[in-house]
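From first to last, the protein sequence lines are chains A and B.
7 is the number of the first residue of the first sequence in the working numbering; add one for each residue after it.
34 is the number of the first residue of the second sequence in the working numbering; add one for each residue after it.
Positions of the beta carbon are idealized from the N, C-alpha and C atoms, including for glycine.
Following: one structure in structure tokens, then a few remarks.
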Amino acid sequence: MEAVLKNVASAVELLAVAAHSDAVSQWDEQTLSRAFQWAGYCEHVYTRFHTNSAIRRVVEKQLQHTNATLRDAFADYNEVSFMDLPRCEHLLLRALLNNPQLPISTIRILFGLKNGTSRRYHYQEVTGLCSHLIQCKSACEVLCPFSGLSTVSAEAEVQGEMLMKRLGALLSQGSDPSQAEHFLHSSLPLCEGAARHSCLVITAALLTASDSAGQTSSQSFLLDWLQKEHGVLQHMGSTLPSAVLKDLAGAHRKFRDAYFGTLKKWASEMEYSLSDGEWVPACTAAAPALSFPKMVEHFSDLFDACPSLRRNAEDELLHLKILDGDFDARGLSVWGDILSEVKK
Amino acid sequence: MTELQQPLSQLQETSGPLLDAQKMQFWMDKAVAWDQVGSAQTLKDISRHLRGLTDFLQQVLTQISNTGSTAETMKELPCLGQILGRLCWNPYVTVGDTNRGLLLQCLLGLYSENPSNALERKANQWIRKVLCRLATEDDDPAAQILMKSTGVPPKEYHLRVLKKMVKQHQENIEKTCCSKKSIDQRCSCDVILTTSEVFVPLLDCPEASPVICSLLQRPGTSFTDALSEDFLDALNSTDLRLAVDETALVSVWYHSLPRLEEAVLDLLEFATSTGSAPQNLEQHISKTQLPKACAHHCSMFLVVNDIFRSILKQAEGNLAVHSVIQTFTRCFLKELEELQPRTAASLKAFFPQSPTSLLVPLLTLPSEMPQEAWKNHLEWLTASLQRLAEQEEEEEGDSQSSRLRERKACGEGHHNVFETWFLLVQCSHWVQVAGELLVTSEAEPCSNLLWLMTFYYHPTNRWHCRAALLEEAKEAWRHLRTLSSASVRPLPTDHLQPLITLLSLKPQRPSAPLLTLSLMVYCAIFCQLPHSQSVEIFQTVVHAAGLLHEAACVLNSLQHRLNEGSCSSRDTVHVRIKKLQSTVTHMQAGVNPHTPHNRRMGSGDGLSKESWKRSAQEKKRQLGASEPGSSNRRGLACLVSTRSQANFPACHHKWTI
């Protein structure tokens, strides 16, 4: 373990040198290659130990120590955390390319094209590293507009996988569930613009068929989290196409129930506007909100997707209507109006 | 050696005319227009111009390399910075290996190691910034957050996304295509067309090869091709980086005539450029998948033979070419055998221009009939060939012949004799048998066997020389007979001199050195002399005549044929052949390739890919098939029949009177 900690410290120091020092002007191809090997070592350390919270703590402590030293040595030093370890190669590359002292000959190596028959990109091979990276990014951009081939886009699918994998790792450590919740919070922001993206990722994560017990428990955790986070569900309800929502409701009972709950909450926040002659969301209602017709559509879709829900749900809505006075006239009870629309 | 370290001379060779202001403006406009990527129109425009862009970038790179300083380059090519800057951020340009490589080289070429003014310093800064951003920036903040929190590096992320996208496209293709039961029915061609349009820029991106292979391998006929024109054009001209497996390779050839030509020419180059005749020729040919592809697609076989015909006409007397054609045909027939029983009708489809009566007799292998029947078979073959040749020569002589006029009008001319001879080259095994029988048969009258061999090496009767050549062949034969039965040992060298004389080319009169050489080889192998003696004679004569390469060719062809048979009596023959081969190899090793001793017969120049490409382009112009994509649209079969009737360039002067 001592050796590992020492190596990690050295690697982090190397990163700092790559970013800030003019020593890089002396780097030749071999040095460059070795530097990337060190980065690879860090990634390996992460892969080995990220599920082991005890070792993780020890490594984090070492990193703190190293960070402190380097902060004193270099003016605008960026700290390296444990979660930065698996992305060491990227950090190294960014550090090098931002260092004005990096000689052009080194840049040539990084941007050169790999020659010859072996197109399989070897781990830690330095020649053509950047060129290949650019190719992958460009290819994704070229194919992106056509990724509506399946329910979820390829990017959402990959991101969903990433999310689930990390969640699974956190859960398997037997650590405090709040850590996993914190992870979900930070990974799936709901602010402007990010909300739609987060919804897509969650959808992808939930729609991927689960092929292991670990994955099922991760999905279950995510669903529990969703139930607590009405905000997320509301975003999902308002931004996702109904077909997708139907799929989700059909695939996961928890989602179905949570979603039904959200729809009811939305409905309860509606007011009847005499001037419009229609139910509208109250001004105090939390955004996003649905229009009445939209909401009815959602209810219908949900019942279509889950026939088993329909009977009980209709009973529930009827009960609520009765509580409101059991009037049949329009505009007096949102529940009655929903019911009558849905039964059409 | 990476592309960046390509020698300067290579770059200079590819420089076209200097870039003028008009061209720069053209590409500037294109770069600006392409920035608004999003519409299908723009995508089409980009796909159409990718090849032109490659040429342009190549020219820019050459100019950068030739001009001393960046400041000067920027002066000569004013909007260069803007053009490069815009192109860098266009994913359709940066996705392909070729254009991306050139673009990066241009940028790196503009970097000044020792900047001498403000402009160069600024350029340096800009270049560094652009490169850094290209490699490390990500403009999807949400994805970045997720990458950070899950510990996935950008490289891995993008690769995974790319693979998934490719997989989705592939599943999409398979889903829409498998739903159709009948092959005749066109499967959902919109999907194929759209997908092929999308993947045009990705032809030289290796990760995209599963989809490209799927696109190429859908069942269907060539005439109802749903692949987009741009895709097919790009297939012809892009440097493909497909992870190509066997079936995909065949599909590429099927859809792209230039690719097929390239593959055949590569094969010919391999066979003719190695120092000695390659002994594993059969293996090499099989490995190329060409025979198998031809067995599956008749049209491909016709094209390949077309190329062979043309090469034969340009490279007369080159035994290596004969070897390739013979070995190829043999491999092809083996593959065909696996697919379908050999009937005269099915064979006719593959050999439409060969005389029907000779087709089956020539294609039958000697191993397929009893040895006793060989002589009669050869007699019959020779008689038919003689008849054919004489008939045609009569008609040529009788210029009033209406039949001849008719044939000439159709561009046939010496058609029949040439086609017959071509078939004979493809089935050289009978010529070899003739040689063997000449040596081993006791009976003296074998003039028809000699005629066959003379015809094989000298098919044209230019200046009515065949009679003279036959005489020379008989003379050579007499010498050889004497030598092999002589009882005086060791032979005085002047006995060998007439033979050596026969083996040299004589400018004044028609000569048959190759014929003599092959007779000598057959003698050395099959005669009754003790082997060591025949080897000695062989060695002396061949060394003096300097025909090592040709001797090796003859030996190798013979060995290939005999490998087919499995008679035990062949073992001694095999040993003899091997001994002679090693002797030749030994001699070749000892001889400097530049001394006159190792002269090579036959024109090897005509075989270079460049000369073929030039003549092929010439032919295409004559046929008016110069529009992009039109050659593909016509389908291979169409093109073949048109080409075989066209006038070949003047190299084949021997075939006109």
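| query | Between the segment 20-39 of chain A and chain B, which residues of the former have a C-beta closer than 7 Å to a C-beta of the latter? | reply | none
| task | Return no unless some Cβ of chain A is closer than 7 Å to the Cβ of residue 182(B). | result | yes
| request: Note down the Cα distance separating residue 236(A) from residue 57(B), rounded to an integer number of angstroms. | output: 57 Å
| task | Answer with yes or no whether the minimum CB distance from residue 66(B) to chain A is below 7 Å. | result | no
| message | Just to confirm the assignment, what range does the beta strand (DSSP E) spanning residue 276(A) have? | response | 276-279
| query | Name the DSSP bridge partner or partners of residue 484(B)? | reply | Residue 484(B) pairs with nothing; no bridge assigned.
| task | Mind reading off the beta-carbon distance from residue 273(A) to residue 344(A)? Whole number of angstroms is fine, and I expect it under 8 Å. | result | 6 Å
| field | Contact with chain A by residue 175(B), beta-carbon distance below 7 Å | value | yes
| field | Beta-carbon proximity of residue 695(B) to residue 304(A), cut-off 7 Å | value | Only positions 34 to 690 of chain B appear in this structure, which leaves residue 695(B) out of reach.
| request: Report the rounded CA-to-CA distance for residue 308(A) versus residue 224(A), giving the unit in angstroms. | output: 24 Å
| task | Could you tell me the distance, in whole angstroms, from the CA atom of residue 499(B) to the CA atom of residue 320(B)? | result | 39 Å
| query | When you check each C-beta in the segment 142-156 of chain B against every C-beta of chain A, which residues fall closer than 7 Å? | reply | 144, 146
| Which class does residue 193(A) belong to by DSSP, given the choice of helix, strand or coil? | helix
| query | Quick one: is residue 188(A) buried, meaning 16 or more other Cβ sit within 10 Å of its Cβ, or exposed? | reply | exposed
| Are residue 348(A) and residue 276(A) close, meaning C-beta to C-beta below 7 Å? | no
| query | Is it right to say residue 198(B) is buried, meaning 16 or more other beta carbons lie within 10 angstroms of its own, or is it exposed? | reply | buried
| field | Where the alpha helix (DSSP H) containing residue 233(B) begins and where it ends | value | Here residue 233(B) belongs to no alpha helix (DSSP H), and DSSP marks it neither H nor E.
| request: Could you give the DSSP three-state label for residue 284(A): helix, strand or coil? | output: strand
| query | Roughly how many angstroms separate the alpha carbons of residue 601(B) and residue 489(B), rounded to a whole number? | reply | Reliability of the predicted coordinates at residue 601(B) is poor, the pLDDT of 44 falling under 50, and no value is obtained from them.
| request: Would you mind stating whether residue 132(B) and residue 87(B) have Cβ atoms separated by less than 7 Å? | output: yes
| said: Quick check: what's the CA-CA separation for residue 74(A) versus residue 50(A)? | reply: 24 Å
| message | Would residue 284(A) pass as an interface residue toward chain B - the criterion being a Cβ-Cβ separation below 7 Å? | response | no
| residue 231(B) versus chain A: which residues are under 9 Å apart at the beta carbon? | 148, 149, 151, 152
| Taking a cut of 7 Å between CB atoms, which residues from the segment 128-139 of chain B lie near chain A? | 128, 130, 133, 134, 137
| query | Quick one: what does DSSP say residue 343(A) is sitting in, helix, strand or coil? | reply | helix
| request: Quick one: residues in its chain with C-beta nearer than 8 Å to the C-beta of residue 140(B), no 5 flanking neighbours on either side, listed in chain order? | output: 117, 121, 160, 163, 164
| field | Minimum length 3: unbroken beta strand (DSSP E) runs contained in the segment 180-209 of chain B | value | none
| query | Between the beta-carbon of residue 5(A) and the beta-carbon of residue 195(B), is there less than 7 Å? | reply | An answer regarding residue 5(A) cannot be provided, because it is not within the stretch 7 to 350 covered by chain A.
| task | May I have the straight-line CA-CA distance separating residue 335(A) from residue 205(A), to the nearest angstrom? | result | 37 Å
| query | Going by beta carbon distance, what residues of the same chain come within less than 6 Å of residue 108(A), once the five residues before and after it are set aside? | reply | 30, 102
| message | Here's a check: name, in chain order, each residue in its chain whose Cβ is nearer than 7 Å to the Cβ of residue 97(A), leaving out the five neighbours to either side. | response | 21, 90
| task | Determine the extent of the alpha helix (DSSP H) in which residue 93(A) is found, giving its start and end residues. | result | Here residue 93(A) belongs to no alpha helix (DSSP H), and DSSP marks it neither H nor E.
| field | Option nearest residue 351(B) by Cα separation, candidates 582(B), 469(B), 393(B) | value | 582(B)
| said: Could you compute how far the alpha carbon of residue 2(B) sits from the alpha carbon of residue 140(A)? | reply: Chain B is shown from 34 up to 690; residue 2(B) falls before or after that span and cannot be answered.
| task | Would you please verify whether the beta carbon of residue 342(A) is less than 7 Å from any beta carbon of chain B? | result | no
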